[in-house]
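Same order as they appear, the protein sequences are chains E and H.
For what it's worth, our numbering labels the leading residue of the first sequence as 1, then goes sequentially.
For what it's worth, our numbering labels the leading residue of the second sequence as 1, then goes sequentially.
Cβ atoms here follow ideal geometry from the backbone N, Cα and C, with glycine treated the same way.
Below: the structure, in structure tokens.
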Amino acid sequence: MKKLFGMLAFVLVLAGCGGGGGGGVVGASSKVPSASQEANAVDVTVDQTFGFVNAPYVTVTVCAPGTSNCATIDHVQVDTGSVGLRLLRSAVPASLGLVNRTDSAQGNTMAECVEFGSGVAWGPVSTVDLKVAGETASSLPVQIVDDSFAAVPADCSNEGPDIAAKGAASLGGNGLIGLDVLRHDCQTSCQVAAASLYYDCAGSNCTGVAVPLAEQVPNPVTKFATDNNGMTLSFPAVAEGGQGSVSGTMTFGVNTQGNNMLPATAQQMTTSVFGEVTASFSGVPMPGIVDSGSGAYFFVDGSIGQCPASFSSQPWFCPPAPATISASLQSDSGVTLGISFPLFNAVSELSNGGNAAHAGIGQNVGLFGGNELDMGMPYFYGKRITFGIQGNDDFSAGTAPYFAIQS
Amino acid sequence: MKTGKKILACRSIGLAAAIGIGLIANTAFAALGGSPLSGANPHVASNVMNAAAVVKASTASQLTPANASANPLYSVNIVTLKSGTVVHEFVSTSSNTVFAASWSGPRLPNFADILGTYSERYLKPSGSDLVRIGGLRQRTLSSSDLVVQSFGHAGQFNGCAYLPLAVPAGVSLSELQ
């Protein structure tokens, strides 16, 4: 019954958007689901629209809250290594009339300098109704990535390269949807102004501000009316040499519908408050993550040859023959799981440049100091991987966040 | 976990040797290529200068016995930033300038502080690599005179940076911790 209602709602949503005059839709591709597509499932596609390898994209609809004034935004990157929906200003039609949010501490417009390993993104926090598959997250706080908003604080621009410096071309999409196993993008860190990613902007003058969980950019899935406890990414296998493009599926909810049941054989690997397990790799313990926002495997291993600098300035691995990398993962609750993956020669994989999807490509990262085993998008091919969201805003209460790998 | 033994057989020690830090002309700047960070920097909560304890890299394939004695060639400036992120600066004894740094913590470091005069090259990348990947979690800048690697995610950022031409002869990257 619930499922039937969800499908009905989806149809109504589509009708609303079509007739609502979203207008000025940028880069939109109207997407009507096939009759067989279920209300909690949506296509996720790896393609080369933006010239990126192994970037998985979904199409979403955003609406001015409580209205049928909507826009369809394609090529929003699915990122299991961060939390929150972030859209480039250039991808959001002005006709939506989105309104910036204010923070309760100072009462002015709230902006965010969100941090990634690769750099930072700046812009105000706004509110949309998000519709994806048949699910709706109403009045969802999202970041509108916009360097022209106020003045980018020096403390933001000095913390990393601007990943949206060239808009969609440098971001690699029209936005990203962060669907990590956590509920909020900054968790308890941003409750202290000195460590907060959030800014209170009086005019163009923005200063760091402490922000409670309820005002942070949340995991959109947690705001769905149903199927709000996690999601599963499923992709077909990609053979050595790569594939032009790949289409997979994102299914919302875990054990809430017939199509999202987690088999008992899929070990739930509970994670830390940072969404990490402990990876034991070459006998060395380090944080381990499963991350669709990483286009390759990233780990340090000086015993594997790197590709020549003439190929790339990046530290790609170039084993002379396919290698098998093995590691042991230990969950937060102490369960261990052995994993392995192939590592291919990156020059052989990437030099023809024609394929968007590549399994088995990796880079040598973490030369000294801290280490990490980042099992990126190549790991997702040929698997179903479920991401279960922490059950309560209080990390120590409720069910623990976890991921579960089904080969 | 973060201070655990590091792996990696350093490749380019030969390169790093010999040339020394003579090329780094301006030592008036704090950070990489200049003098170590101190409490004078508004982002620094505290710092402690330690002798460099040598623990050789050990991996499953390459076991080297640990050596507990200090390496006289460099010292380690351990800097705690107000954000909670901890930076280790590796300071050449002969020049008293920073030839490498690593960081770990809940926030990205202020790269203007860490990289000093080199920070613009990292913060304002020019040119683009032929192969672009969906890469939100890491960024590498690799050139003959500057290497920066930043990686991690919310709450847990790590990275390292060094000047290949300024690493003192006899110091291997893999021993830096």
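Answer with buried or exposed for glycine 155 of chain H, where buried requires no fewer than 16 other C-beta atoms within 10 angstroms of its C-beta.
Of the other Cβ atoms in all chains shown, 16 or more fall within 10 Å of the Cβ of glycine 155 of chain H; this residue is therefore buried.
Mind checking if glutamine 363 of chain E is an interface residue toward chain H, Cβ cutoff 9 Å exclusive?
So yes, glutamine 363 of chain E belongs to the interface.
Which residues in chain H have a C-beta closer than 7 Å to the C-beta of leucine 367 of chain E? List them in chain order.
Here the neighbours are Leu8, Gln149, Cys160 and Leu173.
Counting along the chain, where does the beta strand (DSSP E) carrying glutamate 112 of chain E start and finish?
Per DSSP, glutamate 112 of chain E belongs to the beta strand (DSSP E) from 109 to 116.
Looking only at C-alpha atoms, which of E:Phe52, E:Ala404, E:Pro236 and E:Tyr379 sits nearest to glycine 172 of chain E?
Relative to the Cα of glycine 172 of chain E, the nearest Cα in the group E:Phe52, E:Ala404, E:Pro236 and E:Tyr379 belongs to E:Phe52.
Reduced DSSP category for glutamine 243 of chain E - H, G, I as helix; E, B as strand; rest coil:
When DSSP states are grouped into helix, strand and coil, glutamine 243 of chain E belongs to the strand group.
Validate contact between the region 153 to 163 of chain E and the region 116 to 127 of chain E using beta carbons, cut 8 Å, 3 pairs
With a cut-off of 8 Å, the region 116 to 127 of chain E and the region 153 to 163 of chain E count as touching, because enough Cβ pairs lie within range.
For valine 374 of chain E, would you say it is in contact with chain H, using Cβ-to-Cβ distances shorter than 9 Å as the test?
Correcting the residue type first, residue 374 of chain E is aspartate in the shown sequence and not valine. Yes, because at least one Cβ of chain H sits closer than 9 Å to the Cβ of aspartate 374 of chain E.
Separation of arginine 139 of chain H from serine 126 of chain H, as counted between CA atoms
Near 13 Å, if we compare the C-alpha coordinates of arginine 139 of chain H and serine 126 of chain H.
Is the Cβ-Cβ distance between valine 482 of chain E and asparagine 345 of chain E less than 9 Å?
Because residue 482 of chain E is not part of the residues shown, which for chain E are 1 to 407, the question remains open.
Taking C-beta to C-beta, are cysteine 63 of chain E and lysine 131 of chain E nearer than 9 Å?
Yes; because the gap between Cβ atoms is below 9 Å, this pair is in contact.
When the Cα of aspartate 146 of chain E is compared with those of E:Gln187, E:Asn100, E:Glu38 and E:Ile73, which residue comes out closest?
Residue E:Asn100 holds the alpha-carbon nearest to the alpha-carbon of aspartate 146 of chain E among E:Gln187, E:Asn100, E:Glu38 and E:Ile73.
According to the Cβ coordinates, are phenylalanine 151 of chain H and threonine 85 of chain H closer than 9 Å?
In this structure, threonine 85 of chain H does not lie closer than 9 Å to phenylalanine 151 of chain H by Cβ.
By Cβ distance, which residues of its chain are closer than 6 Å to glycine 275 of chain E, with the 5 residues on each side in sequence left out?
Cβ within range, chain order: Asp180, Val181 and Leu182.
What's the gap between the Cα of leucine 176 of chain H and the Cα of valine 147 of chain H?
Taking the straight line from one Cα to the other gives about 15 Å.
Leucine 123 of chain H in three-state terms, based on DSSP
Here leucine 123 of chain H sits in helix by DSSP.
Unbroken beta strand (DSSP E) run spanning isoleucine 78 of chain H, endpoints
Taken as a continuous stretch (DSSP letters only), the beta strand (DSSP E) holding isoleucine 78 of chain H covers 70 to 81.
What is the DSSP secondary structure of glutamine 191 of chain E, reduced to helix, strand or coil?
Helix.
Mind pulling the alpha helix (DSSP H) runs of 4 or more residues that sit fully within the region 159 to 225 of chain E?
If we require 4 residues or more, the alpha helix (DSSP H) runs fully inside the region 159 to 225 of chain E come out as 168 to 171.
Nonlocal neighbours in the same chain, by C-beta distance under 7 Å from serine 119 of chain H, ignoring five residues either side:
Apart from the 5 residues on each side of it in sequence, serine 119 of chain H sits with its Cβ closer than 7 Å to the Cβ of Phe111 and Ala112 in its chain, given in chain order.
Limits of the beta strand (DSSP E) - the one that serine 280 of chain E falls within:
Run containing serine 280 of chain E: 277 to 281, per the beta strand (DSSP E) assignment.
Around the C-beta of proline 263 of chain E, are 16 or more other C-beta atoms found within 10 angstroms, so that it is buried, or is it exposed?
Proline 263 of chain E should be labelled exposed.
Test: proline 65 of chain E CB closer than 9 Å to a CB of chain H:
Not one chain H Cβ lies under 9 Å of proline 65 of chain E.
Please check if any C-beta of chain E sits within less than 9 Å of the C-beta of serine 142 of chain H.
Taking CB atoms only, serine 142 of chain H has a neighbour in chain E less than 9 Å away.
Do asparagine 259 of chain E and glutamate 38 of chain E have their C-beta atoms within less than 9 Å of each other?
Using a Cβ distance threshold of 9 Å, asparagine 259 of chain E and glutamate 38 of chain E count as a contacting pair.
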